[in-house]
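**Student:** This is the structure I want to talk about, given as structure tokens.
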Amino acid sequence: MMPREQKILPAVSAAIFNDQGHVLLQQRRDTGKWCIISGHVEFGETVEDAMLREIREEINTAAEIIRLIGVYSMPAFATYDHTDHRVQYITSYFEVKLLEVPDISFTNAETRAWRFFSPDALPADLDQVNPYWLVDALNKQSVFIR
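Note that UniProt numbering numbers the sequence shown so that position 27 is 27, with each residue one more than the last.
Printed below as a string of structure tokens:
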């Protein structure tokens with residue numbers, strides 16, 4: 001059996017909160033699970049440009065980056081198995097503010113639905129995420145390397 005190719009790729013993800021302190025989650029069309037908005041950094045992009053592009057693509061809304069929350073690379077939470085390869089993501093995680101009122105009915109090839117959830121009432125079917133994602137986003141004291 002041929003060994004599967006292993007890759008390390010840069011990625012971005014966003015913690016987006018509304019005025020009530022609820023966090024925005026996207027329901028992915030491919031898995032049906034809820035997650036924070038995230039995506040790949042494309043060749044020639046900065047991580048900041050990639051983050052703003054992903055938000056525009058996935059919920060059709062302009063945004064601005066408030067701060068870097070942290071950089072995440074824990075193999076147990078950042079490695080995904082695909083049919084012919086494995087990927088470990090090195091993710092720059094940002095707090096982001098939306099600049100316009102989003103259209104809650106917007107969907108596309110990646111997004112089945114999206115909405116804001118109270119941090120103490122998150123959906124049970126969360127996609128694989130770093131266990132520190134919400135704690136770190138709510139802690140405004142420092143930048144985290146995990």
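Every residue gets a Cβ at the ideal spot worked out from N, C-alpha and C, and that includes glycine.
When we look at the beta-carbon of M74 and count the other beta-carbons within 10 Å, is it buried (16 or more) or exposed?
**Tutor:** Answer is exposed; the Cβ neighbour count stays below 16.
**Student:** Specify, as a first and last residue, the run of the alpha helix (DSSP H) that V135 falls within.
**Tutor:** Run containing V135: W133 to L138, per the alpha helix (DSSP H) assignment.
**Student:** Could you give the distance in angstroms between the alpha-carbon of G44 and the alpha-carbon of Y72?
**Tutor:** For G44 and Y72, the distance between alpha carbons rounds to 21 angstroms.
**Student:** Does chain B have any CB closer than 8 angstroms to the CB of L126?
**Tutor:** No chain B appears in this structure, which consists of one protein chain only.
**Student:** Rounding to the nearest angstrom, what Cα-Cα distance links R29 and T111 in this structure?
**Tutor:** For R29 and T111, the distance between alpha carbons rounds to 5 angstroms.
**Student:** Give me, in chain order, the residues of the same chain whose beta-carbon lies closer than 6 angstroms to that of Y132; leave out the 5 immediate sequence neighbours on both sides.
**Tutor:** The residues are R146.
**Student:** Between the C-alpha atoms of F144 and T91, what's the straight-line distance to the nearest angstrom?
**Tutor:** If you take the alpha carbons of F144 and T91, they lie about 12 angstroms apart.
**Student:** Measure the CB-CB distance between V96 and I66 and report whether it falls below 8 angstroms.
**Tutor:** Yes, they are a contact pair.
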